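Note that the UniProt record's numbering has the sequence shown beginning at 1, numbered continuously upward.
Each residue gets a CB set at the ideal place from its N, CA and C atoms; glycine is no exception.
It should be emphasised that the depicted structure is a prediction, and the values quoted were computed from it without experimental measurement.
First the structure, in the form of structure tokens, and then the observations on it.
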Amino acid sequence: MTNYLPNHLGSFMWHFLKPYRGIVILFILFALLAGFWGPFNSLLIKSFINTLAEKTSQDLSSLYWIAGLLVLNFIVFDNITWRTLGYLNYKYQAIIKNQIISQTFEYVLGGSTQFFQDNLSGRIADQITTLADNLEIILHRVSVDFLRGTSLLVVSFITAYFVNVLFFYILFLWFVAFASFSIWMSARLVQLSDDHASSESQLSGQLVDSLANQSNIRIFSRKIYEVKRMNTFFRLVQQAFQRKELFIVLLCCAQGGMIAVMMGLASITLIYLYGKGLVSIGDFALILGLSMELGHMMWYTMYQVDQFNQALGKARQSLNALVIPHDIKDKSNASQLVVTQGRIEFSKVKFHYQGGYSLFQNKSVTIEPGQKVGLVGYSGSGKSTFVNLILRLYEVVDGQILIDGQNLAEVTQESLRQAIAMIPQDPTLFHRSLMDNIRYGRTDATDEEVILASRKAHAHEFISLLPEGYKTLVGERGVKLSGGQRQRIAIARAILKNAPILMLDEATSQLDSITESNIQESLWDLMQGKTTLIVAHRLSTLLHMDRILVFDKGHIIEDGTHTELLNRGGLYKTLWDAQVGGFLPDQQNEKGE
């Protein structure tokens, strides 16, 4: 389980590279060797030219050795080096990238409910792939381009020093000036790259939001409105891109001027020293070759810096959005929940949402094993929060929630949720086959067990009428199915899971009366021997409950059977009298207040 990932970019990359540190060292070694080819080539050409100048046409045998060394230099420092880098890249790049995506995905799945409420799912998915793609670019630029450039620079300095110390000082001082200027300007470039990455991320989120709500766009005839609204974000991306690119153009102009100055100084110095007889014709070729090689390398490196900074900005944006501390973590010594009876106990529970909205204060209540308990109250009274706290989707501020005497804060979240089957009011499905969606309740179930659960949920009837049957893909979030069909799939999934604790959020609210009557029988069979909690929106659902808890503003103000609560004449009686068409009102009217 991936419960921790570093949230600093450097530490994050090392987290994935550390298991391959031997390969990383090998990669660094060959990337450094790749920088030797140019300077060594210039040295050999110097020897070639000096030999030609000094020897007669009858005494050129040593040139064959130099020619052989030129070929060997190419084979060792160019061909073999780059092919080795290519092989290592082929062997490990996809593996490391896959681990980045896999572990980040696993970490994100452990995020809080609030995290997924605050972030669009499409944007989260985009950020995971963006993070992996841009880390790939960063690692390639650092491991190949920058390391090769560093070795080329060092070898060139050493070579220039042994030709004439004056060339060393010229190249060294020029490099210091060039690097200082580039580093000074890179801070602004990084900021512009971050701004561009941020604008692209915002655009991606807005596109996902609009596409996810395409039905609303059609219903309200807002196509032109959405296009105009999206154009605002397009312009922001365009402006951020143009600011960045204009800065790069101006920066490259300045850097190009500095490279021209270096080439000019090297040429003038060569001419002067050659005139004094202090350098040979071969030295002339060597220094000019090194100067051009360095100029080309620095120009190319600065070009790569743009991509590097852009990748850095995008990776940092994605990392900051994805790798945030989990609100709910398993303790290091967390045990597996073992449900023997199904007793649920709230012991002096205190809870409030972020922002201070308080729902429970020293709440204590016990639900006995096998009890069927209805949860009733106005919207926002605390019913769903009560259920979510048992599921540990939120952490209590104080107190304990126990199942069979086991503190939920002391057990693993995985084992807790394995012990609970949940049927939501508005179930969502994966864009997978119906067979896969039902089997999600118990992934090792056979096809026959899936079909049996489907029959009990009265889903088999409509599934068998589909051309692809159980192989039918249901669309994003199950959009190809009606609300009632999705609800039947969710019920089949819960039947298949057969967990000792069952939670229903008005699980039959979207079914027609005939289908609901049939499914109620299956649900009652499913409830037998299980501790069951039902969040009710229709009070008729609660007539046969063992017990009803009435919620109001985070307090359980009434507790009893349907008949007992009616006779008390409290809030439950008010709700019963106020229900419209069998459904509870959303909130109190003025008279009720």
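Span separating the alpha-carbon of residue i from that of residue j
| i | j | result |
| --- | --- | --- |
| R148 | H140 | 11 angstroms |
| S182 | M298 | 10 angstroms |
| I557 | F551 | 6 angstroms |
| S379 | F241 | 47 angstroms |
| N7 | D78 | 38 angstroms |
| H352 | V397 | 7 angstroms |
| F27 | N320 | 29 angstroms |
| F172 | V165 | 10 angstroms |
| E590 | S522 | Confidence in E590 is poor, its pLDDT being 36 and thus under 50, which makes the residue's placement unreliable; the coordinate value appears in the next sentence. Near 40 angstroms, if we compare the C-alpha coordinates of S522 and E590. |
| A177 | I281 | 29 angstroms |
| S47 | S267 | 19 angstroms |
| S540 | F386 | 21 angstroms |
| R432 | R123 | 21 angstroms |
| E468 | A187 | 58 angstroms |
| A179 | N309 | 16 angstroms |
| F16 | R218 | 45 angstroms |
| A334 | F175 | 57 angstroms |
| N567 | K573 | 8 angstroms |
| L416 | E395 | 14 angstroms |
| E593 | L571 | For E593, the predicted structure reports a pLDDT of 32, less than 50, and the residue's modelled location is therefore unreliable. A value from the coordinates is still provided. Rounded to whole angstroms, E593 to L571 spans 11 angstroms at the Cα level. |
| I344 | Q336 | 16 angstroms |
| Y87 | Q93 | 10 angstroms |
| Y161 | A285 | 15 angstroms |
| G111 | K480 | 28 angstroms |
| V249 | V305 | 13 angstroms |
| G560 | K97 | 57 angstroms |
| W576 | I548 | 13 angstroms |
| D444 | F462 | 24 angstroms |
Distance between beta carbons of residue j and residue i, contact taken as under 8 angstroms
| i | j | result |
| --- | --- | --- |
| A31 | L85 | 7 angstroms |
| D126 | S204 | 5 angstroms |
| L236 | S199 | 5 angstroms |
| G370 | G342 | 6 angstroms |
| I501 | I420 | 5 angstroms |
| L429 | G399 | About 36 angstroms; that fails the 8 angstroms criterion. |
| I328 | Q418 | With 8 angstroms as the limit, I328 and Q418 do not qualify as a contact, their Cβ atoms being about 16 angstroms apart. |
| M258 | L135 | That belief does not hold up - the Cβ atoms of M258 and L135 are roughly 31 angstroms apart, past 8 angstroms. |
Residue burial classification, residue i (beta-carbon count within 10 angstroms, cutoff 16)
| i | result |
| --- | --- |
| W37 | buried |
| L189 | buried |
| T446 | exposed |
| I95 | exposed |
| L211 | exposed |
| Q485 | buried |
| F220 | exposed |
| F346 | buried |
| P325 | exposed |
| I403 | buried |
| V338 | exposed |
| V144 | buried |
| Q406 | buried |
| A453 | buried |
N-terminal and C-terminal residue of the beta strand (DSSP E) that residue i is part of
| i | result |
| --- | --- |
| F462 | Careful: F462 lies outside any beta strand (DSSP E), inside the alpha helix (DSSP H) at H460 to L465. |
| L402 | D398 to I403 |
| V249 | Premise fails: V249 lies in the alpha helix (DSSP H), K223 to G275, not in any beta strand (DSSP E). |
| F551 | R547 to D552 |
| D559 | H555 to G560 |
| L533 | T531 to V535 |
| F145 | Note on identity: in this sequence residue 145 is Asp, with Phe being the wrong assignment. Here D145 belongs to no beta strand (DSSP E), and DSSP marks it neither H nor E. |
| L502 | I501 to D505 |
Residue i CB to nearest heavy atom of the ligand GDP below 7 angstroms
| i | result |
| --- | --- |
| I248 | Within the structure as shown, the ligand GDP is missing, as the structure has no ligands at all. |
Range covered by the alpha helix (DSSP H) that runs through residue i
| i | result |
| --- | --- |
| I491 | G483 to K497 |
| L109 | T81 to L109 |
| K480 | K480 -> no alpha helix (DSSP H), and no H or E assigned at all. |
| residue 597 | Only positions 1 to 593 of the chain appear in the structure, and residue 597 is not among them; the question remains open. |
| D577 | L571 to A578 |
| E54 | W37 to E54 |
| H15 | L9 to L17 |
| L26 | R21 to L33 |
| F116 | T113 to D118 |
Proximity test, Cβ basis, 8 angstroms: residue i and chain E
| i | result |
| --- | --- |
| F157 | Looking at the structure shown, chain E is missing, and only one protein chain is on hand. |
- Item | Runs of beta strand (DSSP E) wholly within the segment 319 to 369 (minimum 3 residues, chain order) | 344 to 352 and 358 to 367
- Query: Which ranges does the alpha helix (DSSP H) cover as unbroken runs of at least 4 residues, wholly within the segment 378 to 463, from first to last along the chain?
  - Reply: 383 to 390, 413 to 418, 434 to 439 and 447 to 456
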